[in-house]
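Encoded as structure tokens, the structure appears first; notes follow it.
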Amino acid sequence: MQKDVIETLQKMREKSPLVHCITNLVVMQVNANVLLACGASPLMAHAQEELEDLEKIVNALVLNIGTLDKHTIASMNVAGDFANKYKKPVVLDPVGAGASKLRTETALSIIRTIKPCIVRGNGSEIMALAGELGETKGVDSTKDSLSVVKEAKRIANDFNMVVSVSGEVDMITDGKHIAHVSGGNPLMTLVTGIGCSATAVTGACMAVAKTPFIGAISAMALFASAGEKAGKKAHGPGSFLPLFLDELYHADFNDAAKRVTLS
Amino acid sequence: MQKDVIETLQKMREKSPLVHCITNLVVMQVNANVLLACGASPLMAHAQEELEDLEKIVNALVLNIGTLDKHTIASMNVAGDFANKYKKPVVLDPVGAGASKLRTETALSIIRTIKPCIVRGNGSEIMALAGELGETKGVDSTKDSLSVVKEAKRIANDFNMVVSVSGEVDMITDGKHIAHVSGGNPLMTLVTGIGCSATAVTGACMAVAKTPFIGAISAMALFASAGEKAGKKAHGPGSFLPLFLDELYHADFNDAAKRVTLS
Amino acid sequence: MQKDVIETLQKMREKSPLVHCITNLVVMQVNANVLLACGASPLMAHAQEELEDLEKIVNALVLNIGTLDKHTIASMNVAGDFANKYKKPVVLDPVGAGASKLRTETALSIIRTIKPCIVRGNGSEIMALAGELGETKGVDSTKDSLSVVKEAKRIANDFNMVVSVSGEVDMITDGKHIAHVSGGNPLMTLVTGIGCSATAVTGACMAVAKTPFIGAISAMALFASAGEKAGKKAHGPGSFLPLFLDELYHADFNDAAKRVTLS
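Sequences listed follow chains A, B and C, in order. Counted from 1, the first sequence has number 187 at position 203 by our numbering; the numbering is strictly sequential. Counted from 1, the second sequence has number 218 at position 234 by our numbering; the numbering is strictly sequential. Counted from 1, the third sequence has number 60 at position 76 by our numbering; the numbering is strictly sequential.
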């Protein structure tokens, strides 16, 4: 696995995959800057009239429901259909699933119809989705990592996708295997868009990885490594972001790979 | 008052109020980062379909008309009504009031119908609103601080709200009392979204403060302290923003409180 | 020419032109911060209801199609008509022209109907437009700088506008004369919105310059100088942006002017 992670991160830098993000209004700039620092190319666009043209040329599609509305939901669905038509991988970030019915239902609908190969979120979001996707409804968004593992494995299997859960230790599962990624820094939770950017980079890794599981792990490993190094130099969340982008740019792929353990 | 300011800023960090911002497209990222650095939690969302769900769980609603259009105005009105229904405090930033009829009228309509407990703007914006809200129309947006005080007091009384006016020395009034806050740095005017972020933090303070007057003062005091410290270290507006976020994160609440004088 | 560049940059700082940007969602914050650092004033707004009020008071209008949709296209057309009515210069950034039919056609339509005085883009974008605007359609977006010069000159003449092409060496033509601007740093391509910000500053320079040609050159000269200095101090794209803003703020207009050669 460590060799696969190194190879994926190297390929991302060599091939500079074009990642189409239909993402939330808060994080567009930081997502673009993170993708560029990692060696990928960002493309932000949502007009339905151009989505077929764009889905032909991009290497991955990342959907993020952070500031969703009926217009962006419609764009996500159209883009997702074209991504499927042109066989481009789709990654979903179900931001705020559980906080409103609209968010939970939009995320579920994308999972059921667009069939993303990776869903990346935090523990609460994954539990909210798993609760609705399971037989028992209304499961509490507890953050107990043990139940997240169980529920994440179940929905990974049911929907044939990889589930990537960020936390103090990240947990990624394809339904059969489980990987953990350790590292990072608490300041990462105090800068808006770091999680959403991890999803964007998951899309970039997915575009060049052998499997969605390796793609999802590689992105989180890169973030764990760069985040830990930036956190050691930062005086607070303001100085963290420029340092984090510089660390992503100078990323040590070996160090990133060492943060991954399979169980 | 100084004790109240310290207590409010401490509570904001302890309770981490969830602040729903319907704000302009330019400042979303910096508003979110400022709220996080201060210990609060940002929530950006505008889809009418989820506003009731969200207004139930948030601790304050901040409306900012910086890039308004008919869709965002409708969302602000719906969110404002639900905030009133669920007794969540509303803060308004009338960005650009006076620059266009649409901005002035939208701000006035929100003041009259949503009844925010705090309006925070610069001198020109407050004068533009006061001119329209008074008996004599068409008052010039002069920045004479004496007339701002008089007009701000009048609309504070007429609409039972606190008016917070930023400037070299900030002036906050509840219609009866007047507070001044000194400090800051001229670089704060050369970074987009610092004023809008002061409004967002006013919402966060309001969510935990004893009164809107104390909430409004606490936010400006925190900005005056952190801004002055960051300004001393900065080489320009680019280095100012990361330093400012770091200073907010390590805020000295006593220093903030010392910047407040009541008259 | 060097004297004209210095004079234009000085005037921009003295007169602080108000630049109305209808720009893409990714770069709004950085565009605003760059304009402020250069001494200009940003105004972001798109509601059709206020565009006549605003076009009366602004000093330039900058249109950027980076995240276009039918709503923003309509706003750009209305704003462009009012800018023409009130004799305010218009600058166009045809972001992504060639990547989708919608982008190419929107840019062409703005050139034909709004008649911007400057179009600023990269080589691929300018070639895509020149291909469609010429007799032979479907010209490849090759980046051969020789063909960009020829095609840029042709459309500059045909549409009576200045064409400003960014690249390792920037090339600006009014159809008769050609200017080159050298400097900058490769990190400028790894931070989102630097190109779009060059367009915004082109608008600010245009508002105070003797001719569109001088305005376009002055903006690129300022970026080449500040970008080169920031690049020498930066450790990566994250530290580059704050340094770049600081360098713009402390700009050396003589150094900027030295980067320009006429041929």
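All C-beta atoms in this analysis are idealised placements derived from N, C-alpha and C, irrespective of residue type, glycine included. In this text the structure is predicted, and so the values were computed from the model without any measurement.
Contact set between residue i and chain C, taken where Cβ atoms lie within less than 7 Å
i                     : result
residue 51 of chain B : 28, 29, 30
Chain-ordered neighbours of residue i on chain A, where CB pairs are closer than 8 Å
i                      : result
residue 9 of chain C   : 9, 12, 28
residue 176 of chain C : 13, 16, 17, 20, 26
Pair within 7 Å by beta-carbon distance, residue i and residue j
i                      : j                      : result
residue 46 of chain A  : residue 184 of chain A : yes
residue 200 of chain B : residue 148 of chain B : yes
residue 113 of chain C : residue 78 of chain C  : yes
residue 311 of chain A : residue 74 of chain A  : This structure cannot settle anything about residue 311 of chain A, because the visible part of chain A is limited to -15 through 247.
residue 16 of chain A  : residue 10 of chain C  : yes
residue 139 of chain A : residue 90 of chain A  : no
residue 165 of chain C : residue 204 of chain C : yes
residue 246 of chain C : residue 215 of chain C : no
residue 227 of chain B : residue 218 of chain B : yes
residue 76 of chain B  : residue 31 of chain C  : no
residue 211 of chain A : residue 14 of chain A  : no
residue 132 of chain C : residue 110 of chain C : yes
residue 84 of chain C  : residue 6 of chain C   : no
residue -12 of chain C : residue 198 of chain C : yes
residue 51 of chain C  : residue 8 of chain C   : yes
residue 141 of chain A : residue 115 of chain A : no
residue -4 of chain B  : residue 24 of chain B  : yes
residue 157 of chain C : residue 104 of chain C : no
Whole-angstrom C-beta distance between residue j and residue i, which should lie under 8 Å
i                      : j                      : result
residue 243 of chain B : residue 167 of chain B : 5 Å
residue 21 of chain B  : residue 229 of chain B : 5 Å
residue 26 of chain A  : residue 42 of chain A  : That pair is no contact at about 10 Å.
residue 202 of chain B : residue -7 of chain B  : 6 Å
residue 155 of chain C : residue 182 of chain C : That pair is no contact at about 13 Å.
residue 44 of chain A  : residue 1 of chain A   : 6 Å
residue 273 of chain B : residue 196 of chain B : The structure shown does not extend to residue 273 of chain B, since chain B is modelled only from -15 to 247, so the question has no answer here.
residue -1 of chain B  : residue 39 of chain B  : Actually they do not touch by this definition, with Cβ atoms about 18 Å apart.
residue 143 of chain C : residue -10 of chain C : Wrong, their Cβ atoms sit about 29 Å apart, outside the cutoff.
Under 9 Å by beta carbon: chain B residues contacting residue i
i                      : result
residue 85 of chain A  : 33, 34, 37
residue 223 of chain A : 226, 227, 229, 230
Segment limits, beta strand (DSSP E) that includes residue i
i                      : result
residue 45 of chain B  : 44 to 48
residue 26 of chain B  : 25 to 28
residue 148 of chain C : 146 to 150
residue 155 of chain A : 153 to 157
residue 246 of chain A : 244 to 246
residue 163 of chain C : 162 to 166
residue 2 of chain C   : 2 to 6
residue 105 of chain C : 102 to 106
residue 76 of chain C  : 74 to 77
Start-to-end residues for the alpha helix (DSSP H) that takes in residue i
i                      : result
residue 229 of chain B : 221 to 233
residue 182 of chain A : 178 to 190
residue 14 of chain B  : 12 to 22
residue 94 of chain B  : 85 to 97
residue -3 of chain A  : -14 to -1
residue 53 of chain B  : Element bounds for residue 53 of chain B: n/a, residue is neither H nor E.
residue 38 of chain A  : 32 to 41
residue 206 of chain A : 196 to 217
Beta-carbon neighbours of residue i, restricted to chain C and to distances below 9 Å
i                     : result
residue -7 of chain B : Chain C residues near residue -7 of chain B: none, gap ~26 Å exceeds 9 Å.
Proximal chain B residues relative to residue i, where beta-carbon distance stays under 7 Å
i                    : result
residue 6 of chain C : Within chain B, no residue comes near residue 6 of chain C; the closest Cβ sits about 10 Å away, beyond 7 Å.
Chain B contact residues for residue i, given Cβ-Cβ distances below 8 Å
i                      : result
residue 41 of chain C  : 83
residue 233 of chain C : 174, 220, 221, 222
residue 72 of chain A  : Within chain B, no residue comes near residue 72 of chain A; the closest Cβ sits about 27 Å away, beyond 8 Å.
Partner residues on chain C for residue i, Cβ-Cβ distance less than 8 Å
i                     : result
residue 54 of chain B : 31, 33
Practice prompt. Decide yes or no for the touch test of the region 220 to 235 of chain B against the region 191 to 202 of chain B: beta carbon pairs closer than 8 Å, at least 3 of them.
Written response: no
Worksheet item: If we count Cβ pairs, one from each stretch, closer than 8 Å, do we get three or more for the region 34 to 52 of chain C versus the region 217 to 225 of chain C?
Response: no
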